[in-house]
Each structure stands twice: as structure tokens, then as C-alpha cells.
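Notes for the one structure printed next.
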Amino acid sequence: MQLPARTSVMILNTVLFPGAVLPLRIFEMRYRAMLSAALAGDRMFAIALQRPGARSESPCPVACLGLIRAAVENPDGTSNLILQGVVRIRLAGIIHYKPFRQYRMELLAPDPKESLVVDALRSRVLELAEARARQGIPLPLDAFKKAVGEIDGPKTIDRFIESLAQWPDAGQLADLIARLFLQDNPRAQQSVLEAIATERRLKQLVQILMGEVVSAQSKGQNP
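Note that this note's numbering has the sequence shown beginning at 57, numbered continuously upward.
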């Protein structure tokens, strides 16, 4: 797949990860124009998290480039689409603001290297994910129905964690767990998105999950 040197950007309170799919409803006029341009071109645009604390619309510099997998225009001019994350990018400078934002971009390629440290961090992330699951957070079992089988019963969490443990790439596993276990914490998800190297990404996720486990335990939500 040939990737562009520039991209249009949609700013949301949502983090898109490479490999994830995001359903969107496009209704603002600027984003309708952006979608039309994308569909006429490379079918790509980026999702960026609104910068925390910014008074005006401002994207976090690390975002995710997405590919439009499907788009349906509605009779009222709005559209529904499915965007799939492709790769982490850094927004490297604004090209124009109107009719929609477009930025120069830099690809942020992950470090695929495996190591004993990465293996240990991977195991720790899975342990903490299991602890959070046993503390009663909602599990996205529908997404793993084929891997998990039945979605009720005492073995559900075991089989869910087993399915996660089979994920072959440690960096992708970190993204997946951040997406599934931090759905209500876009700032935490953003910190994982910004961790490009696999080891750093896993360390960041361990720190976040450990904090959530301890916080839940202090509230009496022991596994």
C-alpha cells in the first residue's frame, strides 16, 4: 500500500489504533468535503485526539492514518463509513485549515524487535489485563465470540485471556489491550499510541493497568 505524504485530519475525543476499525457518521460540512476528497483520492484520512486542555480545536501531534473500508451516503447528505487504522503518524505541519484541515505527515514505524524484556512485559500486561477483567470491567466478548465460545460461565475470562495471549506481535497486542481495556480513557489510549517502540509501549501499558488495578482494589473491587 502506497501511503501519502499529507493527510486530512478529523479531530475527535477518540483514539484510533492501527488495525482497529472505527464506525463514523459524517455530518459536518467540512468533513463531508473531506470525505468526498478522500473517496476521490487515496481513501485515507487521519483521526487525531483533541489535545487535552486546549481551548480551541487542536489535534494531538501523534495520530493514526485510516483507510475507508466502506462508505454509504444517506439521503440527507450525511454519510456512514467504516475507517480502519493503518499506521501511526506524526502531524508535521499544517498545510491548510479550510475547507478542512490537512497536514504534512511523518510515518512512525514501530520497532519489531523481540527481546527478553519485551517477553516479560508482554506477560505482565496479560496478567494485569486478567486482573482488570476479574475486577468486573465489561469485557468486549462479542469481538472475541469465535475465540471464546460461550460468553457466560466461570471459564469465560480464562478463555478470553488465552485468546489474547495467542496474539503474535507484542506491539499489536499492546494496542489491542489498550483499545479493549481503556475504552473510557482516551488520554491513556493516546499515551499508548504515542509510544512507538514496542518495549516503551508495553511499559506504558503496564503502568496504566497497574494504576487501574490498584485503584479498583482500593475501592473494594478485588479479583
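Think of the CB as a built atom: it goes at the ideal place given N, C-alpha and C, for glycine as much as any other residue.
query = With a CB to CB cut of under 6 Å and the five nearest residues on each side skipped, what residues in its chain are close to I67?
reply = One-based indexing of the sequence shown puts residue 67 at position 11. Once the five neighbours on either side are set aside, the close Cβ partners of I67 are A104, Q106, E113 and P115.
key: Within 8 Å, strictly: CB atoms of V269 and Q158   = In the sequence shown, residue 269 corresponds to position 213, counting from 1. In the sequence shown, residue 158 corresponds to position 102, counting from 1. Result no, Cβ atoms of V269 and Q158 do not sit closer than 8 Å.
query = Roughly how many whole angstroms lie between the Cα atoms of L258 and V181?
reply = In the sequence shown, counting from the first residue as 1, residue 258 sits at position 202. In the sequence shown, counting from the first residue as 1, residue 181 sits at position 125. If I take the Cα positions, the gap works out to 7 Å.
key: Buried or exposed by the 16-neighbour rule on C-beta atoms within 10 Å, applied to S171   = For this step, residue 171 is matched to residue 115 along the sequence shown. With fewer than 16 Cβ atoms within 10 Å of its Cβ, S171 is classed as exposed.
ask   = Of all the options Q228, A272, K275 and I193, which has the alpha carbon lying nearest to the alpha carbon of L261?
value = Locating residue 261 in the sequence shown gives position 205, where the first residue counts as 1. Closest option to L261, Cα to Cα, is Q228.
Host beta strand (DSSP E) of L139 (start-end) = Within the sequence shown, residue 139 is the residue found at index 83, counting from 1. Start and end: S135 to H152.
ask   = Just the Cα atoms here: how many angstroms apart are K275 and V248?
value = The count along the sequence shown starts at 1 and reaches residue 275 at position 219. The count along the sequence shown starts at 1 and reaches residue 248 at position 192. When rounded, the distance between both Cα atoms is 25 Å.
ask   = By Cβ distance, which residues of its chain are closer than 7 Å to R160, with the 5 residues on each side in sequence left out?
value = Within the sequence shown, the letter at position 104 stands for residue 160. Correct list, in chain order: A61, R62, A148, G149 and I151.
inquiry  = Taking the alpha helix (DSSP H) that T212 belongs to, which residues open and close that run?
reply    = Stepping through the sequence shown from its first residue, residue 212 is reached at position 156. Unbroken alpha helix (DSSP H) run through T212: T212 to A221.
Pick from V77, V65, E255 and L72 that is closest to V173, judged by C-alpha positions = Taking the first residue of the sequence shown as position 1, residue 173 is located at position 117. Nearest of V77, V65, E255 and L72 to V173, Cα basis: E255.
message = Mapping the DSSP letters down to three states, classify T254 as helix, strand or coil.
response = Position 198 of the sequence shown holds residue 254. T254: helix per DSSP, three-state reduction.
ask   = Name the DSSP bridge partner or partners of D167?
value = Position 111 of the sequence shown holds residue 167. For D167, which the question treats as bridged, DSSP gives the partners A253.
task = With a cut-off of 8 Å on the beta carbons, I'd call A76 and G133 a contact; round off their distance for me.
result = Numbered from 1 along the sequence shown, position 20 holds the residue referred to as residue 76. Numbered from 1 along the sequence shown, position 77 holds the residue referred to as residue 133. With 8 Å as the limit, A76 and G133 do not qualify as a contact, their Cβ atoms being about 27 Å apart.
ask   = CB A119 to CB A102, shorter than 8 Å?
value = Residue mapping note: residue 119 aligns to position 63 of the sequence shown, counting from 1. Residue mapping note: residue 102 aligns to position 46 of the sequence shown, counting from 1. For A119 and A102, yes; Cβs fall inside 8 Å.
task = Grab the span of the beta strand (DSSP E) containing R7 for me, first residue to last.
result = Any question about residue 7 goes unanswered here, given that the chain covers just 57 to 279.
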